[in-house]
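Visitor: Residue numbering for the sequence shown follows our numbering, beginning at 103 and increasing consecutively.
All residues carry an ideal CB built from backbone N, CA and C; glycine is no exception.
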Amino acid sequence: MPQFSNFYLFAYNSLQFFGWAISLSRLLISFTVTHSLNAAYAHAGELICLLQSLSLLEVIHGALGIVPSGVLLPLMQWGGRTHYLLAIVRGNVQVQESPSILATFFAWSLSEVIRYSHYALNCIGNCPYWLTYLRYTAFIFLYPMGFAGEMWLMYHALPLIKEKNLHADYFALLPFSYSSFIQVLLAVYPILWLKLYFHLLKQRHLKLGKQRDKKNK
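(1) Looking only at its chain, what residues have a beta carbon closer than 7 Å to the beta carbon of Asn-115, apart from the 5 residues adjacent to it on each side?
(2) Given a cut-off of 8 Å on the beta-carbon distance, is the pair Phe-154 and Leu-298 in contact?
(3) May I have the straight-line CA-CA distance separating Ile-216 from Arg-237, to the nearest angstrom?
(4) Quick check on the burial criterion: 16 or more other C-beta atoms within 10 angstroms. Buried or exposed for Ile-150?
(5) Suppose contacts are defined by Cβ-Cβ distances below 8 Å. Is Ser-202 in contact with Gly-147 by that definition?
(6) Using the three-state DSSP reduction, which class does Gly-172 fall into: helix, strand or coil?
(7) If you draw a straight line from the C-alpha of Val-286 to the C-alpha of Lys-266, how long is it?
(8) Which residue marks the beginning of the alpha helix (DSSP H) containing Pro-201, and which one marks its end?
(9) Rounded to the nearest angstrom, what separates His-106 and Leu-204 at their Cα positions?
(10) What's the gap between the Cα of His-301 and the Cα of Val-173?
(11) How close, in whole Å, do the beta carbons of Thr-234 and Lys-309 come, if the pair is a contact with beta carbons under 8 Å?
(12) If contacts are defined as beta-carbon pairs under 8 Å, then Thr-206 and Gly-167 qualify, I think. What distance do you get, rounded to the angstrom?
(13) What is the rounded straight-line gap between the Cα of Ala-209 and the Cα of Ile-284?
(14) If contact is defined by three or more beta carbon pairs under 8 Å, each pair taking one atom from either stretch, is the segment 182-200 in contact with the segment 255-262?
(15) Just mark Gly-121 as buried or exposed, buried being the case when its beta carbon has 16 or more other beta carbons within 10 Å.
(16) Could you check how far apart the C-beta atoms of Leu-268 and Tyr-280 are, in whole angstroms? I think they sit under 8 Å.
(17) Can you tell me which of the three DSSP states Arg-128 falls into?
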């Protein structure tokens, strides 16, 4: 069973790595060719929506215990990103040309290329130290970039959300609207994000400390 789990995780992480590598290359090619900050969703948005939706499997992996991540933190990250993509960006062409999407998609794509390659190589016991270091260092800069892009877009999408009464059908039985939900989310999102960010900083200390100890032996 452990051997099958390792093979499955290697295949899953490799698939995600290649998917995010393609999305990153599309973003870079699009920007290089068009010199536009507004075309990120047009070139990579649908692929990123697919990859992000697929990452729900990581919550299930944690729930089943085949990875040690647990459920809460993967669910927070999956829920935050998926809501941003599917509830706000994907169905609203008016916001898809925001320059903040390029910053968010670039940060996500580069961090996921690093993260999934690290996971995949660990599954076969062949992960170099430099990649481990990059895995637990690059997020320090990339996560704030992605977070800032998400917050910027949600804030600037609020007038549109109110005007269109977005997702009114889903909120019809609730005592508040979707726009009110977004306003509350904007207030609590930094707190939830900081919880994840500090968790990653703690992981960095633990993982890189272990790697240094191995190298010194």
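Guide: Judging by the given coordinates:
(1) On the sequence shown, residue 115 is found 13 positions in, with the first residue counted as 1. Here the set comprises Tyr-218, Tyr-221, Ala-222, Cys-225.
(2) Here residue 154 refers to the residue found at position 52 when the sequence shown is read from its first residue. Here residue 298 refers to the residue found at position 196 when the sequence shown is read from its first residue. In the sequence on display, residue 154 carries Gln and not Phe. No, they are not a contact pair.
(3) Residue mapping note: residue 216 aligns to position 114 of the sequence shown, counting from 1. Residue mapping note: residue 237 aligns to position 135 of the sequence shown, counting from 1. Those two C-alpha atoms are separated by around 6 Å.
(4) The residue given as residue 150 occupies position 48 in the sequence shown. With 16 or more other Cβ atoms within 10 Å, it is buried.
(5) Position 100 of the sequence shown, counted from the first residue, corresponds to residue 202. Position 45 of the sequence shown, counted from the first residue, corresponds to residue 147. Not closer than 8 Å, so no.
(6) Translated into the one-based positions of the sequence shown, residue 172 becomes position 70. Correct three-state label for Gly-172: coil.
(7) Here residue 286 corresponds to residue number 184 of the sequence shown, with the count starting at 1. Here residue 266 corresponds to residue number 164 of the sequence shown, with the count starting at 1. Going from the Cα of Val-286 to the Cα of Lys-266 covers about 19 Å.
(8) Numbered from 1 along the sequence shown, position 99 holds the residue referred to as residue 201. From DSSP, the alpha helix (DSSP H) with Pro-201 extends over 201-225.
(9) Indexing the sequence shown from 1 puts residue 106 at position 4. Indexing the sequence shown from 1 puts residue 204 at position 102. The displayed chain sequence assigns Phe, not His, to residue 106. Roughly 38 Å between the two C-alpha positions.
(10) What you label residue 301 is simply residue 199 of the sequence shown in a count that begins at 1. What you label residue 173 is simply residue 71 of the sequence shown in a count that begins at 1. If you take the alpha carbons of His-301 and Val-173, they lie about 14 Å apart.
(11) For the purposes of this step, residue 234 is identified with residue 132 of the sequence shown, where counting begins at 1. For the purposes of this step, residue 309 is identified with residue 207 of the sequence shown, where counting begins at 1. Indeed, because the Cβ distance is near 7 Å, the residues count as touching under 8 Å.
(12) Within the sequence shown, the letter at position 104 stands for residue 206. Within the sequence shown, the letter at position 65 stands for residue 167. At roughly 31 Å, the Cβ-Cβ gap does not stay under 8 Å, so Thr-206 and Gly-167 are not in contact.
(13) The count along the sequence shown starts at 1 and reaches residue 209 at position 107. The count along the sequence shown starts at 1 and reaches residue 284 at position 182. Rounded to whole angstroms, Ala-209 to Ile-284 spans 22 Å at the Cα level.
(14) yes
(15) Reading the sequence shown from its first residue, position 19 is the one you call residue 121. Its Cβ being crowded by 16 or more others within 10 Å, Gly-121 is buried.
(16) Here the question's residue 268 lines up with position 166 in the sequence shown. Here the question's residue 280 lines up with position 178 in the sequence shown. About 5 Å separates the two Cβ atoms, so the contact holds.
(17) Here residue 128 corresponds to residue number 26 of the sequence shown, with the count starting at 1. Arg-128: helix per DSSP, three-state reduction.
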